[in-house]
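So for the sequence shown, this note's numbering puts the first residue at 1; every next one is plus one.
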Amino acid sequence: MSIKSDKWIRKMAQTYHMIVPFEYNQVRHNGVDKIVSHGTSSYGYDVRCSDEFKIFTNINSAIVDPKNFAPQSFVDVKSDVCIIPPNSFALARSVEYFRIPRSVIVICLGKSTYARCGIIVNVTPLEPEWEGHITLEFSNTTPLPAKIYAHEGVAQLLFLESDEECETSYKDRKGKYQGQTGVTLPIT
C-alpha cells in the first residue's frame, strides 16, 4: 500500500472523474480575499464544504442515539458561513463528488487552520468503490461560537492504493451511504 502523489491524483481525477469538480492546483485566494486553501496538494486533496449545514441543537433534550437519531435535533442552515455553538457540532457536505477506485482507500484529516482554533473535522474513511458527497462533521471543542467557511478548504484527503484490489468493495456489499448527495444523517 502506498500513499499517492499529486501527479496520481490529477491523473485519476481527469481520467476516471474520481473528484468532481476538481481543482488541479492548490487554491489560496478567490480573486478578492485569502481563503482556507483547497485543491490538489503534494500528497492529497483539500476538500471544501458546501453551504448546506445541519447544526446540532438539543432544544428537545433528546438522547444522541446512532440507532435512532432524532432529525429534529438539527437546524438546517444554507449560508456562506456556519456558526457552531460552543461545545456542539455541525454537519455539512463536500462540494466535491467522489468515485473511489476499487484498489484505493481514502483517509480524511482535518486542516491545521481549523484544528488550531479548536474545531475538529471528523470523517470516516472513503472505502473502495464508495461514491458520493462526503458528509463532514465539525466539532466545536471551545466554550465560544466557532465559524466554518463554505466553499473553502476544511479537510485533507490522503489516497492509499493497494497493490491488489479488495475482494469485497463498499459497492459490492451495497453500503448504506453509497451515492449520498446531501448532508446525510446516521442510517441504521
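Here a beta-carbon is modelled for each residue, glycine too, at the ideal position from N, C-alpha and C.
Source: prediction; values computed, not measured.
In DSSP terms, what residue i is bridged to
i	result
Val81	Tyr149
Arg48	Gly153
Val64	DSSP lists no partner for Val64.
Asp76	Lys54
8 Å CB neighbourhood of residue i in its chain, flanking five on each side removed
i	result
Ser5	Ser42 and Tyr43
Asp80	Asp51, Tyr149, Ala150 and His151
Asn87	Asn140, Thr141, Thr142 and Pro143
Length of the line joining the Cα atoms of residue i and residue j
i	j	result
Ala70	Pro186	10 Å
Cys108	Arg102	18 Å
Val106	Val64	27 Å
Thr124	Val32	33 Å
Asn2	Val36	Looking at the sequence shown, residue 2 is not Asn but Ser. Rounded to the nearest angstrom, the two C-alpha atoms are 27 Å apart.
Thr113	Asp46	12 Å
Gln156	Gly110	6 Å
Val95	Ser61	32 Å
Trp8	Arg173	27 Å
Ser162	Tyr97	22 Å
Glu129	Asn58	35 Å
Ile119	Arg48	15 Å
Limits of the alpha helix (DSSP H) - the one that residue i falls within
i	result
Ala13	Asp6 to Tyr16
Thr113	Ser112 to Ala115
Enclosing beta strand (DSSP E) for residue i [first to last residue]
i	result
Thr181	Unbroken run through Thr181: none, as it is neither H nor E.
Tyr97	Phe89 to Arg99
Glu23	No beta strand (DSSP E) contains Glu23, which DSSP labels as neither H nor E.
Gly118	Per DSSP, Gly118 belongs to no beta strand (DSSP E) and is neither H nor E.
Thr40	Lys34 to Ser41
Ser139	Glu131 to Asn140
Sequence-distant residues of its chain with Cβ nearer than 7 Å to residue i (five each side left out)
i	result
Ile84	Ile55, Ala90, Phe138, Asn140, Pro145, Ala146 and Ile148
Phe22	Ala13
Lys78	Asp51 and Glu52
His29	Ile35
Near the ligand GTP: residue i beta-carbon under 7 Å from a heavy atom
i	result
Glu161	Absence of the ligand GTP from the depicted structure is noted, as is the absence of any ligand whatsoever, leaving it without description.
Cβ neighbours of residue i in the same chain (closer than 6 Å, five flanking residues each side left out)
i	result
Cys82	Phe53, Ala90 and Ile148
Gly132	Gly179 and Gln180
Val27	His38 and Gly39
Expected contact under 8 Å - CB spacing of residue i and residue j to nearest Å
i	j	result
Thr184	Thr135	5 Å
Arg93	Gly182	6 Å
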